[in-house]
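One structure is given here, and the rest of the page talks about it.
Number of protein chains: 2
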Amino acid sequence: MQEHTVRSYGEELRRLREMIARMGGLAERQVADAVSALVRRDAELATEVMARDAEIDALEREIENFCIRLLALRQPVGQDLRLVIASLKIIHAIERIGDYARNAAKRSIVLAQQPPLGSLNGFQRMAVLVQEELKGAMDALVNDDAARASEVWASDQSVDEVYNGIFREMLTHMMEDPRNITAATHLLFVAKNLERIGDHATNIAETVYYAVSGKPMTEERPKADSSPFAVVRPPA
Amino acid sequence: MQEHTVRSYGEELRRLREMIARMGGLAERQVADAVSALVRRDAELATEVMARDAEIDALEREIENFCIRLLALRQPVGQDLRLVIASLKIIHAIERIGDYARNAAKRSIVLAQQPPLGSLNGFQRMAVLVQEELKGAMDALVNDDAARASEVWASDQSVDEVYNGIFREMLTHMMEDPRNITAATHLLFVAKNLERIGDHATNIAETVYYAVSGKPMTEERPKADSSPFAVVRPPA
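For the protein sequence lines, the chains are C and F, in the order given. Take 3 as the starting number for the first sequence in this note's numbering and just add one per residue. Take 3 as the starting number for the second sequence in this note's numbering and just add one per residue.
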């Protein structure tokens, strides 16, 4: 009698991609909700985001164990081995994205009690951009689409540009009024979290590209984060 | 005739650990030099640190390829498979540590042109602590020492405490004089880089523990970074 719970190898690899895409979807939602909590000054939503991070962590462990079983039982080689190794890297990057979203949510709780600092449009813009990147990378993985992965990889520059704008804006707020310093500092770190999320999404796209095409990305990605060099002068 | 370049499987696994320990040693040095460059306002050393990061990246690729070959040719199971999977995680974490050191070095170049902000003892203290963690984790890996790994894992709290102190100190500098804002902001990010390096070293210790003992760490690590909740008031 046939054992019905035994999946075929091909099915297992498909299931692996789907599990990763689900994990990526959860992380996208976490980023969206963390920034909504920030913009709407919604401490309750922020608390939910912080609690939900455990789901992402659990999924990482589940997928990692799935990969280890695959390696032990199927002993994949070539393209399949590459996919499993790439999967381990990708889930780790998604887990980091989850952590950054949780951290942003945590800071938005403090920020809800601080005086508001003008429009937070830049943060919403960053959130939309990094969610698109993450979604693009997941689509590329599920559909075996190297061209899509390459597109995502090239798009991170606009995230960096918004980040650089926020960096200067926050320093200016601080210089105008010392009462802005606590809020502006936390907002700087939230912006940095979003910038790091964008970086991780780019790395995921790079890993997907390699897993799907078998070739590493060759060019250096244009990196537009100039903030480590930024200097803003106080008003005269 | 015997092929002398073929290593035994046991030798390959030993070589894997040694390569990782060498990569970890490089990262330790990068952290030490990045903080020296900061404290001594030495832009030349900072530039060297930034350039040397490519060596760490190259080692990561080399070790990853070594792991993939091991998986494909030796098809390890059980404890050996666990070691190879752990190695992939560890080298990725070391690569991240290298990136944080490079970023700290980059900021120290700007900082060398800003007015000095008092003592940077806290930064040196953090650098020493995270280097010890990293070294401890590498020793645990090379010597198959689960107890040592567990010790490192538990020690990260003091890094967080120093970080919290720096966070409040920098906010206070900003509030005292807006001319401090640019320098204090960059220093905040350097402190954050060091705190993240500590987190990665802790994660490495956790991964080593699992690889060596076969059991996951069970407790939640005490996390003492309270800075996401910090509020500092401007002088009245």
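Yeah, the Cβ is synthetic: ideal placement off N, Cα and C, and Gly gets one too. None of the values given here were measured: they were computed from a predicted structure.
Note to self: Give me the residue from C:Ser157, C:Ser89, C:Asn166 with the minimum Cα distance to C:Gln204.
What the structure shows: Reading the sequence as shown, one finds Thr at residue 204 of chain C and not Gln. The candidate whose alpha carbon is nearest that of C:Thr204 is C:Ser157.
Margin query: Please give me, in chain order, every unbroken run of the alpha helix (DSSP H) with length at least 4 that falls completely inside the segment 87-164 of chain C.
Written below: Fully enclosed alpha helix (DSSP H) runs of 4 or longer: 123-144, 148-156.
Next item on the list: Could you tell me whether any Cβ in chain D is nearer than 8 Å to the Cβ of F:Met176?
Entry: This model lacks chain D altogether; the protein chains it does include are C and F.
Notebook entry, point to check: What residue range is occupied by the uninterrupted alpha helix (DSSP H) comprising C:Met219?
Noted result: That residue, C:Met219, is in no alpha helix (DSSP H); it is neither H nor E in DSSP.
Check: Taking buried to mean at least 16 other C-beta atoms within 10 Å of its own C-beta, is F:Ala56 buried or exposed?
Finding: F:Ala56 counts as exposed, since fewer than 16 other C-beta atoms from the protein chains shown sit within 10 angstroms of its C-beta.
Note to self: Suppose the cutoff is 7 Å on Cβ atoms and the five residues either side in sequence are ignored; what does the same chain contact list for C:Arg19 look like?
What the structure shows: Non-local beta-carbon contacts of C:Arg19 in its own chain, meaning distances under 7 Å to residues more than five positions away in sequence, involve Leu143, Val144 in chain order.
Note to self: At the 8 Å Cβ level, is C:Leu18 part of the contact set with chain F, yes or no?
What the structure shows: No - not a single Cβ of chain F is within 8 Å of the one on C:Leu18.
Check: Taking DSSP as the reference, what is the three-state secondary structure of C:Ser2?
Finding: Summary: the structure shown does not reach residue 2 of chain C, with chain C confined to residues 3 through 238, and so no result is reported for it.
Check: Closest by CA to F:Asp147, which one among F:Gly200, F:Arg63, F:Glu208?
Finding: Here the closest residue by C-alpha is F:Glu208.
Check: Taking 8 Å as the CB-CB limit, is C:Arg109 close to chain F?
Finding: C:Arg109 has a beta carbon lying within less than 8 Å of a beta carbon in chain F.
Next item on the list: To the nearest angstrom, report how far apart C:Ser38 and C:Phe125 are at their CA atoms.
Entry: One C-alpha to the other measures close to 10 Å.
Notebook entry, point to check: Do C:Met21 and C:Phe68 have their C-beta atoms within less than 8 Å of each other?
Noted result: Yes.
Check: What's the C-alpha gap between F:Val130 and F:Thr49?
Finding: Cα atoms of F:Val130 and F:Thr49: separation of roughly 21 Å, rounded to the nearest angstrom.
Next item on the list: Output yes or no for whether 8 Å exceeds the beta carbon distance between F:Ile92 and F:Ala45.
Entry: No.
Next item on the list: Can you tell me which of the three DSSP states F:Gln32 falls into?
Entry: Reduced to three states, the DSSP call for F:Gln32 is helix.
Next item on the list: Would you be able to state if there are at least three C-beta pairs under 8 Å between the segment 87-104 of chain C and the segment 84-99 of chain F?
Entry: Touching, per the Cβ criterion.
Margin query: Cβ closer than 7 Å: which chain C residues qualify as neighbours of F:Asn105?
Written below: Ordered by position in chain C, the residues that pass the 7 Å Cβ test against F:Asn105 are Pro230.
Margin query: Looking at F:Arg54: is its Cβ nearer than 8 Å to the Cβ of F:Gln32?
Written below: Cβ distance < 8 Å, so F:Arg54 and F:Gln32 count as in contact.
Margin query: Please report the straight-line C-alpha distance between F:Ala23 and F:Met140, rounded to a whole angstrom.
Written below: Cα to Cα, F:Ala23 sits roughly 5 Å from F:Met140.
Next item on the list: Closer than 7 Å by C-beta to C:Leu15: which residues in its own chain qualify, once you throw out the five before and the five after it? Chain order, please.
Entry: Apart from sequence neighbours up to five positions away, the residues of its chain that approach C:Leu15 with a beta-carbon distance below 7 Å are Asp82, Leu85, ordered along the chain.
Note to self: Against chain F, with Cβ distances strictly below 8 Å, would C:Pro180 count as a contact?
What the structure shows: By this cut-off, C:Pro180 is an interface position.
Next item on the list: Using a Cβ cut-off of 8 Å (strictly closer), state whether F:Lys217 contacts chain C.
Entry: By this cut-off, F:Lys217 is not an interface position.
Check: Taking the alpha carbon of C:Glu135 as the point to measure from, which residue in C:Pro117, C:Ile99, C:Gln115 has its own alpha carbon closest?
Finding: It is C:Ile99 whose Cα lies nearest to the Cα of C:Glu135.
Notebook entry, point to check: Does C:Val37 get closer than 8 Å to chain F when you measure Cβ to Cβ?
Noted result: False, the Cβ-Cβ gap to chain F never drops below 8 Å.
Notebook entry, point to check: For C:His94, which residues in chain F fall below 8 Å Cβ to Cβ?
Noted result: Scanning chain F for C-beta atoms nearer than 8 Å to the C-beta of C:His94 yields Lys91, His94, reported in chain order.
Check: What residues from the segment 44-62 of chain C come within 9 Å of chain F, judged by C-beta to C-beta, listed N to C?
Finding: From the segment 44-62 of chain C, no residue has a Cβ closer than 9 Å to chain F.
Note to self: For a contact defined as C-beta to C-beta under 9 Å, what are the partners of F:Val154 on chain C?
What the structure shows: By Cβ distance, chain C contributes nothing, its closest Cβ being about 20 Å from F:Val154, past 9 Å.
Margin query: Starting from C:Val51, trace the alpha helix (DSSP H) in both directions and tell me its first and last residue.
Written below: DSSP places C:Val51 inside the alpha helix (DSSP H), whose first and last residues are 45-76.
Checklist line | F:Ser38 - DSSP class collapsed to helix/strand/coil | finding: If DSSP states are grouped into helix, strand and coil, F:Ser38 belongs with the helices.
Check: If F:Leu119 and F:Leu189 are in contact, beta carbons under 8 Å, what's the gap, nearest whole angstrom?
Finding: The C-beta distance from F:Leu119 to F:Leu189 rounds to 6 Å, short enough to meet the 8 Å contact threshold.
Notebook entry, point to check: Of all Cβ atoms in chain C, is any one closer than 8 Å to the Cβ of F:Leu173?
Noted result: Among the residues facing chain C, F:Leu173 is included, as its CB has a counterpart in that chain under 8 Å away.
Checklist line | Proximal residues of chain F, C-beta to C-beta of C:Ala74 below 7 Å | finding: Listed by position along chain F, the residues whose Cβ is nearer than 7 Å to that of C:Ala74 are Val79, Leu83.
Check: Where F:Ala29 and F:Arg63 are concerned, what is the direct C-alpha to C-alpha distance, given to the nearest angstrom?
Finding: Answer to the nearest angstrom: the Cα atoms are 15 Å apart.
Notebook entry, point to check: Nearest-angstrom Cα distance between C:Met52 and F:Asn182?
Noted result: Their backbone Cα atoms lie some 33 Å apart in a straight line.
Check: How about F:Tyr211 and F:Trp155: are their beta carbons less than 8 Å apart?
Finding: Yes, these two residues count as a Cβ contact at 8 Å.
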